[in-house]
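Here the structure comes first, spelled out in structure tokens, and everything after it is commentary.
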Ligand SMILES: NC(=O)c1ccc[n+]([C@@H]2O[C@H](COP(=O)([O-])OP(=O)(O)OC[C@H]3O[C@@H](n4cnc5c(N)ncnc54)[C@H](OP(=O)(O)O)[C@@H]3O)[C@@H](O)[C@H]2O)c1
């Protein structure tokens, strides 16, 4: 038997699809022949990508820190291609503030975007997935799902929550064919981590904390994404797949 990594003809919703990890995922799905509904507040580079993949890509503009917007996104995404097979919850923020600087608004926005939106979107898409006995929810966890980092009270709390949300959703939905897993990236250069990557000493220090000896490139995430998106991972659920060069192993 040859493992089946096929995602052609699937429809994937990727939140945070306009930048960084989400944008790389959008490109990976398009290259693999899947259709994509990318969600973010503004389209950014998706406008140009749409000209290359006019029939495969739809952008939905939404502020996912507003719960009401999540309900609208579910309706728009289901309407775009008639079904949704895969949900990737990649939109996220990290305020990087200590407790004295962190306002209630910072906290609320971080919790809403990083934790509440993945729950509301998954809850919205799981019904049709269960009816068709196949689906995937892929959350984006973090090293902060496992470890405390400086200025990480809000972000760390949400990413810890994402880990348990993943396991709890897997417990409820896996028997209906809906696999729920998370990817836990190490350090990848994106807008979110720009301040980290501007500090050369810190970059080298983080790289030295991995088993492999370097930080991630966005291409490192594509294989794990395809595995978790395809029938190859049919018996994998409730897991956090760390793509961190061995950071959490060391
Ligand atoms: N980069 C890393 O090393 C790393 C490591 C571990 C985990 N992660 C996680 O990976 C995910 C993606 O991060 P990234 O590094 O790719 O960040 P990024 O480049 O900053 O991208 C963030 C994405 O989220 C969208 N977004 C932000 N606020 C939003 C809102 N209110 N409503 C809707 N969309 C919103 C942004 O688009 P708009 O601004 O247009 O809305 C953008 O598409 C996050 O969950 C992050 O926690 C990243």
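In the numbering used here, the protein residues as written are 767 to 1016. Virtual Cβ for every residue (Gly too), placed ideally from N, Cα, C.
Scanning 796, 857 and 821 for the CA closest to the CA of residue 784 turns up 857. Contact annotation: residue 855 and residue 917 have beta-carbon atoms that are not nearer than 8 Å. In chain order, 785 and 786 place their CB closer than 7 Å to the CB of residue 957, counting only its own chain and leaving out the 5 sequence neighbours on each side.
One alpha carbon belongs to residue 836, the other to residue 886, and they sit about 6 Å apart. Contact between residue 894 and residue 822 is absent: CB atoms are separated by about 20 Å, not below the 8 Å threshold.
Residue 911 sits in a helix when the DSSP states are folded into three classes.
The DSSP-derived three-state label of residue 997 is helix.
Relative to ligand 1, the beta carbon of residue 954 is positioned inside 7 Å of a heavy atom.
Here the alpha carbon of residue 862 sits roughly 38 Å from the alpha carbon of residue 774. Of the residues 871, 888 and 953, the one whose Cα lies closest to the Cα of residue 910 is 953. Residues 890 of the same chain have their beta carbon placed closer than 6 Å to that of residue 840, with the five preceding and five following residues left out of the count.
Relative to the non-hydrogen atoms of ligand 1, the Cβ of residue 859 comes within a distance shorter than 7 Å of at least one.
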